[in-house]
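If you're matching them up, the sequences are chains A and B in order. Quick note on numbering: the first sequence equals residues 1 to 484 in this note's numbering. Quick note on numbering: the second sequence equals residues 485 to 1528 in this note's numbering. Below is one structure, written out as structure tokens; the observations come after it.
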Amino acid sequence: MQTLTLPHNLDRRRFLERTTRGLSSLALASLLNNQTDQALGDTVDGAANPANPLPHFAAKAKRVIYMLQSGAPSQVDLFDYKQTLKNLHLTELPDSVRQSQRLTGMTAGQKQFPIVQSPWKFNRHGQSGTRFSELLPQIGSVADDLCVIKSMHTEAINHDPAITFFQSGNQQPGRPSVGAWLSYGLGSETENLPAFVVLLNKNSFFQAQPLYDRLWGSGFLPSKYQGVKFRSTGDPVLYLKDPLNSSASIRRARLDRLSALNQIRSKTVGEPAIDSRIAQYEMAFRMQASVPELTNLNDEPESTFKLYGEDAKIPGSHAANCLLARRLAERGVRFIQIFHRGWDHHSNVKTHLPTLAKETDQGSAALIKDLKQRGMLEDTLVIWAGEFGRTVYSQGNPNTFGRDHHPRCFSIWMAGGGIKGGYSHGETDDFCYNIIQDPVHVHDFHATLLHCLGINHKQLTYRFQGRDYRLTDVHGKVVQDILA
Amino acid sequence: MLVCRHRLMILIHTLGLWKSTLANQSIISRVLLGLVAMIHGSSVYGEDHVRFATDVQPILSNHCYTCHGPDENTRESGLRLDQRSSALATAESGQTPIVPGDLQRSEVYQRITSDDDELRMPPSDPNHRLTSQEVNTLAQWIMEGAEYELHWAFTAPQKPEMPTVSESDWVQNPIDLFILKELQRLGRTPAIVANREALIRRVSFDLTGLPPTLDEIDTYLGDDRPNAYERMVDRYLHSPHYGEHLGRYWLDLARYADSNGYQYDTEREQWAWRDWVIHAYNSNLPFDEFTIQQIAGDLLPDSTDLERLATGFNRNHGITIEGGIIDEEYRTEYVMDRVVTTASVWLGMTIGCARCHDHKYDPISQKEFYELFALFNQVPERGMRGFAPQEKIPSPLENPEVISLKRELQILQRELTEPIDLTKQISKWAASLRRNRPLSWEIAAPAQLASSGGSTLTKLDDQSILISGKNPQQDIYTITAETASTNLRAIRLEALTHPSLPGGGPGRHSNSNFVLSEFELEAISILNPNNSRKIKFKSVVADYSQQGYEIGKTIDGQVSNNSGWAVDGPTRKKSATAIWVANEPFGYEGGTQLKFTLKHQANFATHGIGRPRLSITSDMRTRYEFTNIPKSILAKIEKPFEELAEKEQQELTAYFLEKHDPRADLRRQIENLQNKLNQLIPTTMVMAELSQPRTTHILERGQYDQPGAPVTAGVPECCSASTKMEIKNRLDFATWLTEPNHPLTARVAVNRHWRRLFGRGLVETAEDFGIQGDLPSHPELLDWLATDLISNGWDIKYLQRQIITSATYRQSSIVERESYEFDPDNQWLSRGPRFRLDGEQIRDSALSASGLLHTQLGGKSVFPYQPEGLWLELNNRPGYSKAYPQGTGEDLVRRSIYSFWKRTVPSPMLKTLDAPEREFCTIRRSRTNTPLQALLLLNGTQFMEASIFLGSRMMLEGEGDITQRIAFGFRLVTSRFPSEEELKILRQEYNASLQQTVDVKEDDPSLGLVIVKLRDLQLNPTQLRAYANVARIILNLDESITKS
């Protein structure tokens, strides 16, 4: 791989000094952004607090792979086993349990709320004996590496506000996404790839909820911290390919001429931002090599596809994205987020849920196994989570049953860097409706995530509109119990 | 003063007396006291007073106000440090927080210097630790008497006195005095004046967002009269592109988009409002009116269309259509958005904090927030699909389609007023009638009448049959009539109305309807009754049929399944007519008895026809029509019009005008055109006021479902000290904002313009003029600009001109690197502005330089190039999603302000270049520099296409040899001639490209679709490619995407 090519007439040390001015040693902006913001008229006034360098303490995780299951998977049918539901099946959900909590407009008008137990078996797995639905046999096979949080809860009850809340700590648009906070705070470990990469599934499920750019946006942070989408069709990164299909040597020569002209200008004008522009073009050139190399799976041995499944050969499948996530992690990308859509089952759970479980089960488990065999699980935080849970009562006909949105309790799992494996945290009531022990709020989840990366969530701040904003707003407690 | 305090710090440090090196706190205090005393006694430091507003308040606000500030709910120990009275009074603890002149007894001082982690303030949070310099400042302030001041931005701006400067040759206008004074204080000198090429490029970008054309450059370079610069500036101020460019900044503030945001992000039609903004800037609407119309145009007396259109500003927020949301939840969010946006844009206040609690830093209580909220809470709107209120108002910028339709309309309308020769027209009509006589119907006079269900059938004078009496479930009428006619071809049935029938309609059912299941006819020879036949019909038509009950069903041989003819009796209550056409002519010599059978056998009860009349005709037509010209009229057409008696003429004329007015056709055409025009007028969301005001409550924790005490409309006290007036509605509010002594409106506005031109505001936090905001770098200049704007009638073009014609603005940005290192942000303005252009400008300038730009003003948003699949990969939900409908032709090369703005998937071109999503108000875009930008500019279709066209311009319009042509292209983009050295490098690219073989088809979409047009130019493809590659490098130069 090509190393950083500096303009020949520029002293390397001076160059680096200039390009990092304005950024403190603690908020190492990702290499994508490694430049003189101030000289460009941009402000970098956020986390740059020399008195409080990042990481705030020793980090357990260096990077995050976050599989976001959009649409909200059913905790009732996948993770939160309730023997008690057997006897409650088809009985009316008692008012004492519902406590006149808010429902969505989709079931608020329902006359009855019949409880529907999960039609699937829950098997014990591993030494921990953690139970998983029979729909997730592969995830079950890595049970001892996982920490299942059964007591997640959130504030929003509809998709848009809930997923926005999970991604940014606020229901309304405008705040930076988790990945943007991290690339702002920790920067990148790679010179050839962005610090924050987003992978989308190629979706065919007809009821999949839409996604929005804001979910990986930078909010009020400088826009360079936004996630970069790696696409499964067309150029993996937008505009990566030269439309004239010029060879690398031709592109190199052209870029040298462009750089030479920019250097002439730099000498005339005296402004350091021009040097920074030259460096960005160099990185663009490197990405033209590093990205295709990354997304080309031909160098993976057949054993990889045994592990991830044949699906991994289909671009845009969950398995392919998991494999790509591992390859990105290997190459030093800080925050990798996979979006898998299609979990929003308001009807026909029996048909739809097995499909979604099958789409995600093997790839998710393979990622854990693969990271582990490469010795990377210990410093990679892996997360598998939707934006809320689903109701234990049926939406519509209880025979073909659907499940509505449920923010009062739901399950997610985490694994790897800093997290206790083979452990279940929190407990819900017999109805799988309310939390009775160790509730974990989305803000707590964020605080814990940052903690694993060596960040005190109260101290990663950015001054905007006169206020020091945090991912966790003014809330959030680190969930100590789930830390290794 | 900053420098002096710095000296104090150095003094303390060099004396080694700072507390980190000493354990005993009282010693420190004593030493400090001594120091301060020493300083005070010294004439050297005589001017070294700390000022509350500039030195002290920022420290208190940053570190203390969260717990000891305006917010009552989170206030600790009852102590507030934002008010002197509280800070100097004895606290709950019995201690006195601040004793002026006495550090020992000032608890605040003791606590901020305490070694005890439990006692030290602020509490242990590394981000809020006070630096030793900050402690010093506070100490000095207490020693000097702990005086408080009102926050600078809450007092009305006063026209400052002009500063005196030593060398004033440089000065062009008052702005320069303020700048020069500070530069001289810092020991700096201004940069030289930029050269003319640089100046025209800077001005052109700043006033139109486009690079200057070569003609414009040459005109300016050749103008050696005095005031050439001012003339050049004025030309751009009058360009129609001025409004497009300034409007574009306003759209970020107004969070304008073409989609609704949130979950499904469906399309909206708000572009007429966008056109309003462009028009307002172009017509130089004064900023006070610009403000009043947008905030309260609908409330102005006799408001005009445009004034109401302006209020679209406050409807540009996102609107959700997500199933399952609660209406009030989102309606509340829309109002919140309005309050927060309005406060950011006009007050420069970050008022959103006070939604949930009293503001932590600025003196704005939660109650005051909801008083403002009350003003914007009176819209008759909903949360779910809350698009209303809307209004159809034409864009003030007319697009070509509208213009051509209007022209057509004008011609027709003129024709309509021209006199017509009625006699001629009537004669023409009569002649055509004579040539093509209408059907002559012979009414079949009924003879025998029978009802299968026992109804009473009565013959009326007009030979119709009125049915009355018993109203059976089902009924079959049998009616006979005799005729002498032969060669009969068609039967007509009129189902007439009658006052005695239910609802005065044509049917017997209480809803006025009927269902005729089958219609049959038997013809019987009168001479030989054994000679008879059932008539078969080949077709039937009716002048009206109910959907699902078409007339054809009367001859389909079916009566089951309600098969039959009905006429929407419940809603229509009118007569209806049907004509059955026989397979072959019928009628016997010597007379025929006709036996009609009307079967009513549908499952609907009592659905008989109420008053049938039957007629027959021998006329043969290919189409039987329902003309029904009265006999009296037909009689009058036999003679020429002139020969008719006057009365007859009048009757005929009246009939003709009623039925065949020659203007009717014109009118119909006009109506069609007007409909077309109407369809081109978009429906824009605008503001309106509820007739019954909604009560506004304080919302506890900002939650829609937790109303607290009711409040009435009002404005925050902190910014209304100089402008007391009663505020009852939005109009009062807008008027208040534009009061000449309003402390914020003008300052906030001029600061944004300053920032637009210089890349940095005089107040860098353009969105926050509150206590946490940055202090102005040149407070007097800010006030001078604000008061100057007001006293010049809020004239925005005047303001642009003032700034742009200053010497400050005209400075060169080509200076020693030392200048950039001394002042990276150019806060002190010792050089001209230099920063990267916004995404829109970069795209527009590539289009302009390559000659592709289509300069039409206004209209529907367009869809330029975009990589495939970006919309569907995020949203593929049937009914709520669609693929990006990429435009064709000129739509691909319009200015970027017209690019369709989809909030959840903004244009990747603009997004990569730091455009916001526009999901909320953005006051300051970030300006970053990334490899993704490099990829976009190198490889994006729009830029590739521009390179090819720029290359073709070098070949077609450039003159001389290759090098000269390259220089021509270089100048188109950068506005200057390249140096020899630069040309040499570009020429290398040209030569290298000639040698390359290219593995790409000419019609590859990634090159841009308009390449087809290039083929028509018949250029040598190898050369064109070489020029295009040169163009590509030129368009990617740092200089090309930079305002310099």
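We put the beta carbon where it would ideally sit given N, CA and C, even for glycine.
Can you tell me whether residue 1413 of chain B is buried or exposed? The criterion is at least 16 other CB atoms within 10 Å of its CB, across all chains shown. Start at 1 with the first residue of the second sequence, and residue 1413 of chain B comes out as number 929. Residue 1413 of chain B comes out buried.
Shorter than 8 Å from the beta carbon of residue 228 of chain A to some beta carbon of chain B? Residue 228 of chain A sits at position 228 when you count from the first residue of the first sequence. Chain B contact via Cβ: present.
Helix, strand or coil for residue 385 of chain A, going by three-state DSSP, please let me know. Along the first sequence, one-based indexing puts residue 385 of chain A at 385. In this structure, residue 385 of chain A counts as strand in the three-state DSSP scheme.
Which same chain residues, not among the five before or five after residue 1230 of chain B, have their C-beta less than 6 Å away from its C-beta? On the second sequence, position 746 is the one that residue 1230 of chain B refers to. Within the same chain, residue 1230 of chain B has close Cβ partners 1270, 1273 and 1274.
For residue 609 of chain B, which of helix, strand or coil comes out of DSSP? If you number the second sequence from 1, residue 609 of chain B lands on position 125. Look at residue 609 of chain B here: in three-state DSSP terms it is coil, with no helix or strand label.
Using a beta-carbon distance below 8 Å, is residue 233 of chain A in contact with chain B? The sequence position of residue 233 of chain A within the first sequence is 233, counting from 1. Interface with chain B (8 Å Cβ-Cβ cutoff): residue 233 of chain A is included.
Just to make sure I have the definition right: I need the residues of chain A whose C-beta is within less than 7 Å of the C-beta of residue 1428 of chain B. Which are they? Here residue 1428 of chain B corresponds to residue number 944 of the second sequence, with the count starting at 1. Neighbours of residue 1428 of chain B across chain A, judged by C-beta separation under 7 Å: 243.
Rank A:354, A:475, A:373 and A:338 by C-alpha distance to the C-alpha of residue 121 of chain A and give the top, closest one. Stepping through the first sequence from its first residue, residue 121 of chain A is reached at position 121. Out of A:354, A:475, A:373 and A:338, A:354 has the C-alpha closest to the C-alpha of residue 121 of chain A.
Any Cβ of chain B within less than 8 Å of the Cβ of residue 376 of chain A? Along the first sequence, one-based indexing puts residue 376 of chain A at 376. Judged by the 8 Å Cβ criterion, residue 376 of chain A is not in contact with chain B.
For the region 137 to 166 of chain A, which residues have a beta carbon sitting closer than 8 Å to at least one beta carbon of chain B? Hits within the stretch, in order: 157, 158, 159 and 160.
Can you list, in chain order, the residues of its chain whose CB lies under 7 Å from that of residue 926 of chain B, leaving out five sequence neighbours each side? Taking the second sequence and counting its residues from 1, one reaches residue 926 of chain B at position 442. These residues qualify, in order along the chain: 967, 969, 1099, 1100 and 1101.
6 Å CB neighbourhood of residue 1528 of chain B in its chain, flanking five on each side removed: Sequence index remark: in the second sequence, residue 1528 of chain B carries index 1044 (1-based). Same-chain partners within the cutoff: 1297 and 1318.
Do the CB positions of residue 432 of chain A and residue 82 of chain A come within less than 8 Å of each other? For the purposes of this step, residue 432 of chain A is identified with residue 432 of the first sequence, where counting begins at 1. For the purposes of this step, residue 82 of chain A is identified with residue 82 of the first sequence, where counting begins at 1. In this structure, residue 82 of chain A lies closer than 8 Å to residue 432 of chain A by Cβ.
Threshold first: 3 residues or longer. Then list the beta strand (DSSP E) segments lying entirely within the region 861 to 932 of chain B, N to C. If we require 3 residues or more, the beta strand (DSSP E) runs fully inside the region 861 to 932 of chain B come out as 874 to 876.
Looking at the unbroken beta strand (DSSP E) that takes in residue 494 of chain A, where does it start and where does it end? Any property of residue 494 of chain A remains undetermined from this structure, which presents chain A solely from 1 to 484.
Sort out for me which residues DSSP pairs residue 132 of chain A with in a bridge. Position 132 of the first sequence, counting from 1, holds the residue named residue 132 of chain A. For residue 132 of chain A, which the question treats as bridged, DSSP gives the partners A:123.
Excluding the 5 residues flanking residue 1015 of chain B on each side, which residues of the same chain have their C-beta closer than 6 Å to its C-beta? As a first step, residue 1015 of chain B is located in the second sequence; it is residue number 531 there, counting from the start. Excluding positions up to five away in sequence, the list reads 1009.
Determine whether the Cβ of residue 88 of chain A lies closer than 8 Å to any Cβ atom of chain B. As a first step, residue 88 of chain A is located in the first sequence; it is residue number 88 there, counting from the start. For residue 88 of chain A, no CB of chain B lies under 8 Å from its own CB, so it is not counted at the interface with that chain.
Of the residues B:997, B:1005 and B:1006, the one placed nearest residue 1029 of chain B, counting alpha carbons only: Taking the first residue of the second sequence as 1, we reach residue 1029 of chain B at position 545. Nearest option by C-alpha distance: B:997.
Taking 7 Å as the limit between beta carbons, can you name the residues of its chain near residue 522 of chain B, skipping five residues before and five after? In the second sequence, residue 522 of chain B corresponds to position 38, counting from 1. With a pLDDT of 39 at residue 522 of chain B, under the threshold of 50, the predicted position of this residue should be treated as unreliable, though the coordinate-derived value follows. Answer for residue 522 of chain B: no residue qualifies.
Would residue 965 of chain B and residue 1078 of chain B qualify as a contact pair, given that the criterion is a beta-carbon distance under 8 Å? Start at 1 with the first residue of the second sequence, and residue 965 of chain B comes out as number 481. Start at 1 with the first residue of the second sequence, and residue 1078 of chain B comes out as number 594. Taking 8 Å as the Cβ cut-off, residue 965 of chain B and residue 1078 of chain B qualify as a contacting pair.
In chain order, what residues of the same chain lie with their CB nearer than 8 Å to the CB of residue 1262 of chain B, ignoring the 5 residues before and after it? Walking along the second sequence from the start, residue 1262 of chain B turns up at place 778. 662, 663, 666 and 1246, listed in sequence order.
Shorter than 8 Å from the beta carbon of residue 336 of chain A to some beta carbon of chain B? Sequence index remark: in the first sequence, residue 336 of chain A carries index 336 (1-based). No, residue 336 of chain A does not count as interfacial toward chain B.
DSSP three-state label for residue 722 of chain B, please. In the second sequence, counting from the first residue as 1, residue 722 of chain B sits at position 238. Residue 722 of chain B: coil per DSSP, three-state reduction.
According to DSSP, is residue 181 of chain A helix, strand or coil? Looking up residue 181 of chain A in the first sequence gives position 181. Helix.
Residue from A:348, A:404, A:259 and A:414 whose Cα sits closest to the Cα of residue 380 of chain A: Counting from one through the first sequence, the residue named residue 380 of chain A turns up at place 380. Comparing Cα-Cα distances from residue 380 of chain A to each of A:348, A:404, A:259 and A:414, the minimum goes to A:414.
Cβ pair residue 1279 of chain B, residue 768 of chain B closer than 8 Å: Counting from 1 along the second sequence, the entry for residue 1279 of chain B is found at position 795. Counting from 1 along the second sequence, the entry for residue 768 of chain B is found at position 284. Contact: yes.
Rounded to a whole number of angstroms, what is the C-alpha to C-alpha distance between residue 1335 of chain B and residue 1456 of chain B? Start at 1 with the first residue of the second sequence, and residue 1335 of chain B comes out as number 851. Start at 1 with the first residue of the second sequence, and residue 1456 of chain B comes out as number 972. Each residue's CA atom was taken as its position, placing residue 1335 of chain B and residue 1456 of chain B some 10 Å apart.
According to DSSP, is residue 1038 of chain B helix, strand or coil? Here residue 1038 of chain B refers to the residue found at position 554 of the second sequence. Here residue 1038 of chain B sits in helix by DSSP.
So residue 936 of chain B and residue 960 of chain B are supposed to be a Cβ contact under 8 Å. How far apart are they, rounded? In the second sequence, counting from the first residue as 1, residue 936 of chain B sits at position 452. In the second sequence, counting from the first residue as 1, residue 960 of chain B sits at position 476. Correct: roughly 4 Å between the Cβ atoms.
Report the residues of the region 277 to 305 of chain A with a CB closer than 7 Å to any CB of chain B, ordered along the chain. Within the region 277 to 305 of chain A, the qualifying residues are 277, 280, 281, 283, 284 and 287.
Check whether chain A comes within 8 Å of residue 1465 of chain B, counting only Cβ atoms and requiring the distance to be less than that. Here residue 1465 of chain B is taken as the residue at index 981 of the second sequence, counted from 1. At least one CB of chain A lies nearer than 8 Å to the CB of residue 1465 of chain B.
For residue 444 of chain A and chain B, any beta-carbon pair shorter than 8 Å? Stepping through the first sequence from its first residue, residue 444 of chain A is reached at position 444. Interface with chain B (8 Å Cβ-Cβ cutoff): residue 444 of chain A is excluded.
Using beta carbons (cut-off 8 Å, strictly below), is residue 1360 of chain B in contact with chain A? As a position in the second sequence, residue 1360 of chain B is number 876, starting the count at 1. Taking Cβ atoms only, chain A reaches closer than 8 Å to residue 1360 of chain B, which makes this a yes.
Using only CA atoms, which one of B:963, B:644, B:958 and B:955 lies nearest to residue 949 of chain B? As a working mapping, residue 949 of chain B is identified with position 465 in the second sequence. When only C-alpha atoms are compared, the closest one is B:963.
If I follow the unbroken beta strand (DSSP E) through residue 1385 of chain B, where does it start and stop? Looking up residue 1385 of chain B in the second sequence gives position 901. Counting along the chain, residue 1385 of chain B sits inside no beta strand (DSSP E), nor does DSSP assign it H or E at all.
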